[in-house]
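Down below is the structure, laid out as structure tokens.
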Amino acid sequence: MRRKLTAALAFASMCAFASAAHADNYEIDGQHAWVTFTIKHGIYGTAHGQFDAVKGAIVMDKVDPSKSSVKAEIEVGSVHTAYDQRDSDLKGPDFFNAAEFPAISFESTKVEKVSDKTGKVTGNLTISGVSKEITLDVTLVNEAPAPWDATLTKAAFTATGKVSTADFPMAKAAAGFGLGPDVDIVIDLEAVKK
Amino acid sequence: MSALLGNPMVVTAALPLLLGVVMGLLARSALPASVLFLLWAALLLFFYRDTLGPPVVPPVAASQKLIYLAFAGIVLGLLSEYLFERLGTGAARALVAVALVAAFSWLGWRRIAGGALDLQMIAAIATGLLATIGAALLAPPRASPLPRAEEPFLVPAAILALCLAGAIISVLGASIVTGQLLGSLAALAGGWCLIQYIAVLRGGEAVALSRGTGLSLIHAGATVLIQVALLAPKANPAALVLSSLPPIVAALVQGPLQGFVPGARPLRPLVAGLLIAMPAMLAILTALVWAPHGAALGFS
């Protein structure tokens, strides 16, 4: 009886190990991450912006993508739009409120495979203390060892999504200045396999 | 009508100025003080809602807490009408101070928890402290049997000066919405002062704001100024500290600064007003001269 139990436990451990072995852990490479957004500027053009400071972790399970996950944090103070005063306005309490909420965070709750290279990542985006569920369309652009260093494996992803300023504390200010409400997000990032 | 109310200049300046004038005229009619207090409370909440949006439950960001603090200020004002005489001056002042310190802590707890004692935080603490002292000093006005001509103007002039300076500092410091709100409060107080001063010029008596109304308005101005000091990334620290001084000067005009107020009756409110506005004018000058590069009055 004891032998059977030991064998069962050993088998269960092997299964768990095998499952975990499919999940690769990646760390977002902040030097190669571009979190950009566009928003309608009143009745005129489209304004562009970018966050420079991004960090986070990605777990990618190719066998069972539903076990994959993403957790990322963006530094609000790193926003820039090619105009200093506008950057200050965006960091101020009317918009991203950097002094009170220095980071924007995203934590996935569901990952679905669409095709071999594409998927949908649903999660909670938290801006200025308010969380809202969003879904990002994600493409795995490439995953390969670096040509200059075979021990370094990187993966590159592109993600697109849409949020609304109306869902966050910036709603009133954005409406008052004729911005949005729809914000298109495009994320291009590389991640380093750990 | 909605397009008109959507124009920031109308909501920030013209409409509140007009409503301040209306309130000034209503105060000169036989309207009961309780009705006037309720009208002021409704106006205050209207401008908060119009500028900041509807209340959010529960409030998360400091800007979402402001409307709740306005409501708390109204309750404090209401209490002051019935309680302050019984409490005595010291306890009444302590109550006002505790209310504003609590407001500061609530608005700034994330920054306080962050632990960074940078220049902005030091300026915010100084601004909050001075605004609290001023509001506490003005809260239980001395009941003069024969009020001087300038006395009814002290509290509204302090509100006008603090809010006007705060509005300009806020907008130049990249916090436009709070700038609009402070502008509305300044215009409300300005409209009131205008009507009362015309009455003095015509040989009549100015009507004072009730203690509760004055306290609600000062509490509102002080809490919004504290929010600007805590969170506006480019608000000038020196200007912020100067902008919090008008209520203290208003309290001093009743005492040590009395000698600066001339004997001629129509001039007394004017000179008292100028004395109260002096730190605010310095604050505006400081904010304009040392404005961040490229600062303009509006989103870019």
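Line order of the protein sequences matches chains A and B. Counted the way the working numbering counts, the first sequence spans residues 3 to 196. Counted the way the working numbering counts, the second sequence spans residues 4 to 303. Using N, Cα and C, we set each Cβ at its ideal position, and we do this for glycine too.
- When DSSP states are grouped into helix, strand and coil, A/F179 belongs to the coil group.
- Checking the DSSP bridge columns, you'll see A/V132 partnered with A/I129.
- Between A/K57 and A/G79, the C-beta gap is not smaller than 7 Å, which leaves the two residues out of contact.
- Counting the other CB atoms within 10 Å of its CB gives B/L167 a total of 16 or more, which places it among the buried residues.
- Nearest to A/V188 by alpha-carbon distance, out of A/A148, A/V165 and A/S110, is A/V165.
- Across the stretch 83-99 of chain A, CB contacts with chain B closer than 8 Å involve Y85, D86, Q87, R88, S90, D91, K93, G94, P95, D96 and N99, in sequence order along the chain.
- The distance from the Cβ of B/A242 to that of B/I172 is about 5 Å, consistent with a contact at the 8 Å cut-off.
- Scanning chain A for C-beta atoms nearer than 8 Å to the C-beta of B/V180 yields P95, D96, K174, A175 and G178, reported in chain order.
- Secondary structure of A/Q52 (DSSP, three-state): strand.
- Scanning its chain for C-beta atoms nearer than 8 Å, with the 5 sequence neighbours on each side dropped, one finds around B/L90 the residues L98, in chain order.
- Ranked by Cα distance from A/A35, the first of A/K196, A/K195 and A/D190 is A/D190.
- Ranking B/L191, B/A253 and B/L133 by CA distance to the CA of B/V274 puts B/A253 first.
- At a Cβ-Cβ threshold of 7 Å, B/A235 and B/S178 count as neighbours.
- Of A/A177, A/G182 and A/P67, the smallest CA-CA separation from A/K119 is found for A/P67.
- The C-alpha of A/I41 lies about 21 Å from the C-alpha of A/E75.
- Of the residues B/L212, B/V158 and B/A294, the one whose Cα lies closest to the Cα of B/L255 is B/V158.
- The C-alpha of A/F170 is placed about 45 Å away from the C-alpha of B/S32.
- The C-beta separation of B/A152 from B/P272 comes to about 6 Å, placing the pair in contact by the 8 Å criterion.
- CA-to-CA, the gap between B/A95 and B/S83 works out to about 8 Å.
- Three or more beta-carbon pairs drawn from the stretch 173-187 of chain A and the stretch 38-52 of chain A are found closer than 8 Å, and the two stretches are therefore classed as touching.
- The secondary-structure analysis by DSSP pairs B/E208 with nothing; it has no beta-bridge partner.
- Residues of the stretch 49-72 of chain A whose Cβ lies closer than 9 Å to any Cβ of chain B: none.
- Beyond the five residues adjoining it in sequence on each side, B/P11 comes within less than 7 Å, by CB distance, of Q183 in the same chain, given in chain order.
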